[in-house]
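*Asks:* Residue numbers (the working numbering): 339 to 728. Cβ coordinates follow ideal geometry from the N, Cα and C atoms, glycine included. Given the structure is predicted, the values throughout are model-derived calculations rather than measurements. Following this message is one structure expressed as C-alpha cells.
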Amino acid sequence: MFKVTSSTSATQNNFIKHDSAMLNQFYGTNDVVPYWVADMDFPIANPITQELQRLVDREVYAYEFDSSRVFAAIARWNETAHNLSLDPNHFVQVPGVLSAIALLIREFTQQGDGVLIQTPVYHQFRRLIESAGRVVAGNSLKIEDGHYTIDFDDFEQQLKRGNAKMVLLCNPHNPVGRVWTRSELQTMVDIARRYDVIIVSDEIHADIVFDDHTFTSIVSLRYEKAVSIIGSPAKNFGLNSIANGYIYTDNDALYQQIKSTVSSLAIDHGNALTTYATIAAYEKGREWFEGYLQYTQTTVHWIAEFVASSLPDITMYKPEGTNQIWFDFSKLQLAPDTLKSLLVNEAKMGLTPGAWFGETNPNYYRMNIAVDREQIQASFARLHTAINSL
C-alpha cells in the first residue's frame with residue numbers, strides 16, 4: 339500500500355537534494371525546500387523493503403545473479419501496463435540509465451558526430467554527448483497553443499545535413515512533461531529511416547503517465563534502428579540510488595553488438611540487492627505504484643487549479659507524464675536575479691533553473707513533485723504571498 343510518509347524514525351541520510359554545499363552553490367542558501375532533484379520522498383513499496391530485508395538478514399553476499407528473472411518481470415509489467423510486447427531475451431543490463439546512454443553514444447557514433455536532442459531537455463544528455471567528443475545537434479521544441487510540439491521541419495533538416503548520426507529521445511519528456519503520441523513518434527521514425535539514423539529513447543518515466551495519455555515505446559513502431567532504455571525502477575518505484583539500467587532492442591544485430599560491448603566491459607551484471615529489489619517491484623509492486631500514481635496525479639491537478647485561480651501570471655505546462663512540472667514566470671516581468679530571489683528567499687523553493695536544460699529564457703524553472711502534497715501546498719502559499727507583495 340502506498341504511504342506518503344514513513345513509519346520509521348530513522349532519518350539520517352546523505353541525500354543529494356539536501357546537501358548544504360550544493361544548495362549554497364545553486365541558491366546562495368540552504369534554507370530552501372529542495373524541488374530540484376528528480377527523485378521521490380515517499381517510502382518505497384513494502385514488498386521491495388521485505389525483499390531487501392531478506393537479503394540483509396542472510397548476512398551473506400556471495401555471488402548471485404538472476405538477470406533473466408529481472409528481464410522477464412520487466413517484460414510482463416510492460417505487457418500489462420502498456421500492451422507492449424518485449425522479448426525477455428533482448429534486454430541488456432548496465433549499471434544505470436546514464437551508463438546506457440553514454441555507452442550507446444560511443445557505440446553507434448564517432449568522434450565529431452552530431453547527436454540530436456530536443457531542447458529543453460534533461461541536462462545530462464548534453465554532458466554525455468560532449469564528454470564523448472560528439473556534438474549536440476539541437477532540435478528545439480516549439481510551443482503551439484500553450485503546448486510543446488516537435489519541430490519536424492527542423493528535425494528533418496538536422497538529419498538531412500548528415501552530421502547527426504543519432505537521435506537521443508526523451509519520452510516521456512523531461513522537463514516539459516510531454517508524452518509523445520504514436521503519430522508524433524511515427525513521423526520521427528519515418529524521417530530517421532529516410533536518413534538511416536538510429537533512435538535511442540530514454541523511457542525511464544514510461545509508467546508515470548497521467549489522465550488519458552498513453553505511453554508509446556519507440557520499439558513498438560518496429561523501426562529496425564530503434565533502441566529503448568526502459569525498465570529501470572528508479573523513477574516509478576523510487577529506487578534511484580540502487581537501480582540498474584536496461585537496454586532493449588528487437589533488432590538482433592544491434593542487440594548482439596550492444597551485448598558484446600557491455601560484456602567486454604564486464605558491466606552486464608548487477609548486485610543482489612538491485613536485482614531482487616527490481617524483481618519485487620515489478621512482480622509485487624503494482625498496488626503501491628497505482629496508489630503513488632493516483633497521489634501524484636492529484637498533486638498535478640491541485641497545482642494546476644491553484645496556479646489558474648491564484649497565480650495567473652505563472653504559466654504551468656501541465657505534464658502528461660513524469661514527476662516534474664515546467665513553469666514559465668515571464669508574465670511577472672521580473673529581472674532574472676529578482677525572480678530567483680523571490681523563489682529562493684521569499685517562497686523558499688529550490689527549483690531547477692531552465693538553463694540547465696538548454697532553455698535560454700531565464701524565466702523557466704522545473705519542479706519535482708514526488709513529495710508530500712502538504713509540503714507543496716505550503717510552498718505555493720508562500721509563493722502566492724511573495725508575488726502579492728511585489
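Measuring only the C-alpha atoms, how far is residue 577 from residue 614?
*Replies:* About 12 Å.
*Asks:* Who are the Cβ neighbours of residue 340 in its own chain at under 6 Å, not counting the five residues just before and after it?
*Replies:* Excluding sequence neighbours, residue 340 sits near 626, 629 and 630.
*Asks:* Taking the alpha helix (DSSP H) that residue 622 belongs to, which residues open and close that run?
*Replies:* Its alpha helix (DSSP H) spans residues 610 to 622.
*Asks:* Give me the DSSP bridge partner(s) of residue 482.
*Replies:* Partner(s): 485.
*Asks:* Looking at C-beta atoms only, is the number of pairs between the segment 540 to 559 and the segment 411 to 424 that lie closer than 8 Å three or more?
*Replies:* The segment 540 to 559, when compared against the segment 411 to 424, does touch it at the 8 Å Cβ threshold.
*Asks:* Only counting the same chain, and skipping five residues up and downstream in sequence, which positions put a Cβ closer than 6 Å to that of residue 444?
*Replies:* Cβ within range, chain order: 470.
*Asks:* For the beta strand (DSSP E) that residue 580 lies in, which residues bound it at each end?
*Replies:* Note, residue 580: premise wrong, no beta strand (DSSP E); not H, not E.
*Asks:* The beta strand (DSSP E) that contains residue 523, what's its start and end?
*Replies:* Segment 520 to 532 is the alpha helix (DSSP H) holding residue 523; no beta strand (DSSP E) there.
*Asks:* Taking only runs of the alpha helix (DSSP H) that begin and end inside the segment 637 to 714, which ones reach a length of at least 4 residues, in chain order?
*Replies:* You should have 674 to 679.
*Asks:* What residue from 596, 650 and 527 has the CA that sits closest to residue 722's CA?
*Replies:* Checked all of 596, 650 and 527; the closest Cα to residue 722 is 650.
*Asks:* Between the beta-carbon of residue 506 and the beta-carbon of residue 533, is there less than 8 Å?
*Replies:* No, they are not a contact pair.
*Asks:* With DSSP run on the structure shown, which of helix, strand or coil describes residue 573?
*Replies:* Helix at residue 573.
*Asks:* From the DSSP output, read off the bridge partner residues of residue 540.
*Replies:* Residue 540 pairs with 508 and 567.
*Asks:* With DSSP as the reference, label residue 429 as helix, strand or coil.
*Replies:* Strand.
*Asks:* Can you tell me whether residue 472 is buried or exposed? The criterion is at least 16 other CB atoms within 10 Å of its CB, across all chains shown.
*Replies:* Classification of residue 472: buried, given that the 10 Å Cβ count is 16 or more.
*Asks:* Which full runs of the beta strand (DSSP E) of 3+ residues lie inside the segment 440 to 465, going along the chain?
*Replies:* The segment 440 to 465 contains these whole beta strand (DSSP E) runs: 452 to 455.
*Asks:* Tell me whether residue 597 sits in a helix, a strand or coil according to DSSP, three-state version.
*Replies:* Looking at residue 597 - three-state DSSP - the assignment turns out to be helix.
*Asks:* What are the uninterrupted segments assigned as beta strand (DSSP E) that are 3 or more residues long and contained completely in the segment 343 to 401, given in chain order?
*Replies:* None, since the segment 343 to 401 contains no complete beta strand (DSSP E) of that length.
*Asks:* Does the separation of the CB atoms of residue 452 and residue 502 fall below 8 Å?
*Replies:* Their beta carbons are under 8 Å apart, which means residue 452 touches residue 502 by this criterion.
*Asks:* Just to confirm, are residue 441 and residue 475 a CB contact at a threshold of 8 Å?
*Replies:* No.
*Asks:* Counting C-beta neighbours from all protein chains within 10 Å, is the total for residue 676 16 or more, i.e. buried, or is it exposed?
*Replies:* Residue 676 should be labelled exposed.
*Asks:* Would you check if the distance between the CB atom of residue 600 and the CB atom of residue 342 is smaller than 8 Å?
*Replies:* Result no, Cβ atoms of residue 600 and residue 342 do not sit closer than 8 Å.
*Asks:* When you compare only the Cα positions, how much space is there between residue 573 and residue 549?
*Replies:* Near 18 Å, if we compare the C-alpha coordinates of residue 549 and residue 573.
*Asks:* Please state whether DSSP places residue 341 in a helix, a strand or coil.
*Replies:* Correct three-state label for residue 341: coil.
*Asks:* Which of the three DSSP states is assigned to residue 514 in this structure?
*Replies:* In this structure, residue 514 counts as coil in the three-state DSSP scheme.
*Asks:* Is the segment 654 to 666 touching the segment 705 to 720, taking contact as three or more C-beta pairs under 8 Å?
*Replies:* In short, these stretches touch, since the Cβ pair count reaches three.
*Asks:* With distances taken between CB atoms, is the gap from residue 696 to residue 459 smaller than 8 Å?
*Replies:* Yes, the pair counts as a contact, with Cβ atoms nearer than the cut-off.
*Asks:* Determine the contact status of residue 371 and residue 361, defining contact as a CB-CB distance below 8 Å.
*Replies:* Cβ distance not < 8 Å, so residue 371 and residue 361 don't count as in contact.
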